[in-house]
Every structure is written in C-alpha cells, then in structure tokens.
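Residue numbers (our numbering), protein chains in the order written: chain G, 583 to 703; chain H, 583 to 703.
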C-alpha cells in the first residue's frame, strides 16, 4: 500500500496531461497503449506520467491481467475532497449563507442566553 | 483579474506551508507579519509563498488597508471542487450506488424497450 500525501496528489494533478489521463480513465479502465493513443507522446513518456499518478494514489494498475489495465483509484481523490471540505463555506454560496445564519443565531443566543437556560435541562 | 488555471492551483497546493497558510486564513483575514509568526521562516520566504497563492487565485490581498491583509479567495477552490465533481462517483459511496442503480435501470430499459413505446407518446 502506497502512503498517500496531499503533496504528491496535488503535485501530480498540476500537470494537464496527467489530468487528461485521469479524465480518460473516468470512462473505464484501459491499457497503457490505449491511453497513449490520443497524446502526442511516446509510450515511455506516458508510462512516466502513470508512475507519478500511481505513486500519488490517483490510479492503480492491475497485476492480474498481462496487459495491466489502469484504473482510477479513489483514495487520493477522496483525501483532496476532504481537505476541500474545510474551505467549502468560502465558495459554496448555500453553505456561506448557512454560515451567516448560524453566526446570527449564535449572536442572538448570546443576547438572550440568561432567559433561556431552562431549555437546556 | 488573474487568469486562473488548475495547473497553478494544484501546484500551489502541493506545498504543506502554503496549505498551512490557507488553513490560518480560513480563521479570518490577517497581515503577513501575523501569518509568518507560527512558521520558522523569514518574512520574505512567507511573502514568496503568498505570491504563489495569490497568482493561483487562492488568496487575495487587500489594497485598501496599509497593512494589506490577506484573505482566502474562493474562485480557485471552487474550480478545483468542480473538477473533482467529475470524479465524485469514484469515491462517494452513495453516488457510486446511485451510478450502479442508474446503470441497472438503463439495462432494464433496454431489455423492455419494445413493449414500452406506448408510454412515450
């Protein structure tokens, strides 16, 4: 099992070819030869990109079949999604509004706290 | 307005110090001097990281106040979230199950299509 890190995942995704490979794999698992076809690059160059993606935990290569198909590996994508979760209220408008609403509630709560202590028993 | 790119955003986020700066800014806007305090690095080194984050559209610096506070800029984070959306079914189990269910529905639809044409008029 590869140890995942956000450093490796973000670094791997900073390259447009590697994101294009991932987009192709979203359609289904495939061989390196198939993957290389739409790109104007050699098979070894594609293999190098695949190794970066594999080390970052973004793809996995089957060892069962002789043609060693590549597929998307969800673990690192999930890690990024969780990381992004901390920042969602900054760009998700509905969450932003919820945040404002909760802050307003808290402010009101603070204002009327003395009278509401009975509710908490 | 800086032109945003996923390359720049992912590349900026591949560094743990820059992610830590972003985590600090999630608590509220602050000055470069304040930001630098918890890090064992010089002010120019922190400024360099801020420039990378700013160019990637991940933070913005106010030009109004003389102390030029930094704050999180949502645009690039939102772009990453949208990009991630294409892959969500690979790591979101509930979406994965929905995907399986829709595929099953489509397969059934194909199997009974000839008998159901009346429903479509």
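By construction, the Cβ of each residue, glycine as well, lies at the ideal position given by its N, Cα and C atoms. Keep in mind that this is a model prediction, so the values were computed, not measured.
Check: Own chain, CB closer than 8 Å to residue 632 of chain H, minus 5 neighbours either side, in chain order; Outcome: 603, 614, 617, 641, 643, 652
Check: Straight-line Cα distance separating residue 611 of chain G from residue 692 of chain G; Outcome: 55 Å
Check: Cα-Cα separation between residue 619 of chain G and residue 655 of chain G, rounded to whole angstroms; Outcome: 22 Å
Check: C-alpha gap between residue 589 of chain G and residue 624 of chain G, whole angstroms; Outcome: 27 Å
Check: Cβ-based burial, residue 593 of chain G [other Cβ within 10 Å; buried from 16]; Outcome: buried
Check: Helix, strand or coil at residue 679 of chain H according to DSSP, with G and I counted as helix; Outcome: helix
Check: is_contact[residue 606 of chain H, chain G] using C-beta, thresh 8 Å; Outcome: no
Check: Check whether residue 638 of chain H and residue 608 of chain H have beta carbons under 8 Å apart; Outcome: no
Check: Integer-rounded CB distance, given that residue 662 of chain H should sit under 8 Å from residue 605 of chain H; Outcome: Contact flag wrong, Cβ pair sits at about 16 Å.
Check: Beta carbon proximity, residue 647 of chain H to chain G, threshold 8 Å; Outcome: no
Check: Delimiting residues of the beta strand (DSSP E) encompassing residue 646 of chain G; Outcome: From DSSP, residue 646 of chain G is part of no beta strand (DSSP E); its letter is neither H nor E.
Check: CB contact check: residue 549 of chain G to chain H, cutoff 8 Å; Outcome: There is no way to answer for residue 549 of chain G, as the model of chain G reaches only from 583 to 703.
Check: Residue 597 of chain G versus H:629, H:587, H:621, H:689, residue with shortest Cα-Cα distance; Outcome: H:587
Check: Assigned exposure category for residue 685 of chain G - 16 Cβ within 10 Å defines buried; Outcome: exposed
Check: Contact set between the region 621 to 648 of chain G and chain H, restricted to residues whose Cβ is under 7 Å from the partner; Outcome: none
Check: Under 8 Å between C-beta atoms of residue 634 of chain G and residue 600 of chain G; Outcome: yes
Check: Per DSSP, the bridge partner or partners of residue 662 of chain H; Outcome: None, per the DSSP bridge assignment.
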